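Protein chains in written order, with the numbering used here: chain A, 1 to 144; chain B, 1001 to 1144.
This report refers to the structure that appears directly beneath it.
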DNA sequence: CACATCATGTTGACCCATCAACCTTTTTCC
DNA sequence: GGAAAAAGGTTGATGGGTCAACATGATGTG
């Protein structure tokens, strides 16, 4: 029983490392957490967005997005104005400070992503994505 | 900016699926959570153990282990007796009920692990482990 | 022996993630 | 038009995971 040979165990550790690295960057260069950062990316990516869009684009939990947006508003990085056409939703956009933060941190995140994949050849990256895909399918089974 | 092409994003999704699957098994067949389950495995693997060993064997956080052990004692699956030779640590072992639970759930977890890897060839598994290894190394960098 | 150091655990604080219950607004459909 | 269903959000609860501070027992060195 060597845990090192368990795929799930290794993946969990890898994930922990990756998270920790991201957390470190965000702490060193901003005052937002990972979920807030992801929300900011997703908003800026559309220019303007809504929580529902953020949820779908980022496959995040809507509760998490709701809280992240609230925090981001408090921190002054995001504004929300109620949609006149649909009063259920608000239109989210980054403030100037939000955009500044975004533009400061995004290059670092891109560099990190690049560094992570730098040790892998194009073929290997392809294989990795394929394997992730298949594992994800296998992980959906619930009849154990 | 398609998040689907981000390795970190895909890994996070995969990890979430895998966790959810494990959680589902534990909820259906026991009353312990994932960290408690891992602690139980690690104790039973040695027959007897200590928190420090569990922490090292499972590369878990000691705070997490401390709380998991406390809960497991409350649930009656683990006993702790102070080591006479070293009064700082306690020797942990599973109770009879703990062992029953362990023997009931472990086969399901093994089956799950097998199913996860069933779609992958031996070569692919090897590649996967190798890639995980290298990504883990790359994820250690902190100078961004 | 005494003091510094290290190892073992415990606790509080904080963040991430998920689920369920609930409220409001919009849409669908008869 | 009106009831039912669906969509957008909010909130509370639970669990996972990490970090820092602390208390205490063990160890090792001058």
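Don't be surprised by glycine CBs; every beta carbon is placed ideally from N, CA and C.
These numbers were taken from a predicted model, which means no experiment stands behind them.
Check the Cβ-Cβ distances between residue 1124 (chain B) and every residue of chain A, and say whether any is below 9 Å.
Walking along the second chain from the start, residue 1124 (chain B) turns up at place 124. At least one chain A Cβ lies under 9 Å of residue 1124 (chain B).
Would residue 1127 (chain B) pass as an interface residue toward chain A - the criterion being a Cβ-Cβ separation below 9 Å?
In the second chain, residue 1127 (chain B) corresponds to position 127, counting from 1. Interface residue, yes.
Report all residues from its chain with a CB closer than 7 Å to the CB of residue 90 (chain A); omit the five preceding and five following residues, and keep chain order.
Position 90 of the first chain holds residue 90 (chain A). These residues qualify, in order along the chain: 50, 80, 81, 82 and 83.
Going by the CB atoms, is the gap between residue 116 (chain A) and residue 1138 (chain B) shorter than 9 Å?
Within the second chain, the letter at position 138 stands for residue 1138 (chain B). Within the first chain, the letter at position 116 stands for residue 116 (chain A). When the beta-carbon positions are compared, residue 1138 (chain B) and residue 116 (chain A) come within less than 9 Å of each other.
For the candidate residues A:33, A:85 and A:86, whose alpha-carbon lies nearest to that of residue 69 (chain A)?
In the first chain, the residue the question calls residue 69 (chain A) occupies position 69. Out of A:33, A:85 and A:86, A:33 has the C-alpha closest to the C-alpha of residue 69 (chain A).
Using only CA atoms, which one of A:122, A:41, A:62 and A:53 lies nearest to residue 101 (chain A)?
Along the first chain, one-based indexing puts residue 101 (chain A) at 101. Comparing alpha-carbon positions, the option among A:122, A:41, A:62 and A:53 lying closest to residue 101 (chain A) turns out to be A:41.
Applying a beta-carbon distance threshold of less than 7 Å, which residues of chain B neighbour residue 25 (chain A)?
The sequence position of residue 25 (chain A) within the first chain is 25, counting from 1. Correct list: 1144.
With a threshold of 8 Å on Cβ separation, who are the neighbours of residue 1026 (chain B) within its own chain once the five nearest residues in sequence on each side are excluded?
In the second chain, counting from the first residue as 1, residue 1026 (chain B) sits at position 26. Cβ within range, chain order: 1032, 1033, 1034, 1037 and 1105.
Name the residues in the segment 79-96 of chain A whose C-beta lies less than 7 Å from a C-beta of chain B; which are they?
Against chain B - using a Cβ distance shorter than 7 Å - the segment 79-96 of chain A contributes no residues.
For residue 1032 (chain B), which three-state DSSP category applies?
Start at 1 with the first residue of the second chain, and residue 1032 (chain B) comes out as number 32. The answer is coil: DSSP assigns residue 1032 (chain B) none of H, G, I, E or B.
Is residue 1120 (chain B) closer than 9 Å to residue 14 (chain A) when the C-beta atoms are compared?
As a first step, residue 14 (chain A) must be located in the first chain, where it is residue number 14. As a first step, residue 1120 (chain B) must be located in the second chain, where it is residue number 120. No, they are not a contact pair.
According to DSSP, is residue 1139 (chain B) part of a helix, a strand, or is it coil?
Sequence index remark: in the second chain, residue 1139 (chain B) carries index 139 (1-based). Three-state result, residue 1139 (chain B): coil.
Classify residue 88 (chain A) as buried or exposed, calling it buried when 16 or more other Cβ atoms lie within 10 Å of its own Cβ.
To locate residue 88 (chain A), count along the first chain from 1; it is residue 88. By the neighbour-count definition (other C-beta atoms within 10 Å, threshold 16), residue 88 (chain A) is an exposed residue.
Note down, in chain order, each residue of its chain lying with its Cβ closer than 8 Å to the Cβ of residue 78 (chain A), except the 5 sequence neighbours on either side.
In the first chain, residue 78 (chain A) corresponds to position 78, counting from 1. Result list for residue 78 (chain A): 39, 40, 43, 69, 72, 92, 93, 94, 95 and 98, in chain order.
Using the Cβ count rule (16 or more neighbours within 10 Å means buried), how would you classify residue 110 (chain A)?
The residue you call residue 110 (chain A) lines up with position 110 of the first chain. Exposed.
Let me see if you follow: with CB-CB separation under 9 Å, is residue 53 (chain A) close to chain B or not?
Along the first chain, one-based indexing puts residue 53 (chain A) at 53. Closer than 9 Å to the CB of residue 53 (chain A) there is not a single CB belonging to chain B.
In the DSSP assignment, the beta strand (DSSP E) including residue 1081 (chain B) goes from what residue to what residue?
What you label residue 1081 (chain B) is simply residue 81 of the second chain in a count that begins at 1. Bounds of the beta strand (DSSP E) holding residue 1081 (chain B) are 1078-1082.
Residue interval of the alpha helix (DSSP H) (run including residue 1101 (chain B)):
Position 101 of the second chain holds residue 1101 (chain B). Looking at the DSSP string, the run of the alpha helix (DSSP H) that includes residue 1101 (chain B) is 1096-1118.
Which chain A residues are close to residue 1136 (chain B), counting only those with a beta carbon under 9 Å from its beta carbon?
The residue labelled residue 1136 (chain B) in the question sits at position 136 within the second chain. Near residue 1136 (chain B) (Cβ distances below 9 Å), the residues of chain A are 10, 13, 14, 17 and 18.
Leaving aside the five residues before and after residue 58 (chain A) along the sequence, list all residues of the same chain whose C-beta is less than 6 Å from its C-beta, in chain order.
The residue given as residue 58 (chain A) occupies position 58 in the first chain. Closer than 6 Å at Cβ, skipping near neighbours: 38 and 42.
Tell me whether residue 1020 (chain B) sits in a helix, a strand or coil according to DSSP, three-state version.
Position 20 of the second chain, counted from the first residue, corresponds to residue 1020 (chain B). For residue 1020 (chain B), the secondary structure class from DSSP, reduced to helix, strand or coil, is helix.
Keeping to the same chain, check which residues put their C-beta closer than 7 Å to that of residue 1133 (chain B); ignore five residues upstream and five downstream.
Mapped onto the second chain, residue 1133 (chain B) falls at position 133. For residue 1133 (chain B), same chain residues with a beta-carbon under 7 Å away, outside a window of 5 residues either side, do not exist.
Helix, strand or coil, according to DSSP, for residue 1066 (chain B) in the structure here?
Here the question's residue 1066 (chain B) lines up with position 66 in the second chain. Three-state result, residue 1066 (chain B): helix.
With 9 Å as the threshold, decide whether the Cβ of residue 1150 (chain B) is near any Cβ in chain A.
Past the edges of chain B, shown from 1001 to 1144, lies residue 1150 (chain B), and the structure says nothing about it.
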